[in-house]
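Below you'll find the structure, written out as structure tokens, and then a few comments.
In our numbering, the protein residues as written are 108 to 177.
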């Protein structure tokens, strides 16, 4: 089994393998596309204006600590 029949029967695969370094170099050369983003001030305001939620009850360890201090 030699590589000679593989080379002559499928030249497109061989040329594709030879083109891989050039494709890799081109992909590293060009920057990725920017991501579409919602208007940034609205996103910032949504995180800043988040209302503080109070839990319905305190954790058991905090209740125990308060009872020990009282």
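From the three backbone atoms N, C-alpha and C, an ideal C-beta is built for every residue, glycine too.
Note that this is a predicted model, so its numbers are computed, not measured.
Let's see if you can read the secondary structure: which residues bound the alpha helix (DSSP H) around residue i?
i           : result
residue 176 : 167–176
residue 154 : 147–155
Can you tell me which of the three DSSP states residue i falls into?
i           : result
residue 139 : coil
residue 118 : helix
residue 162 : coil
Using a Cβ-Cβ distance under 8 Å, would residue i count as near chain B?
i           : result
residue 122 : The structure shown has no chain B; it contains just one protein chain.
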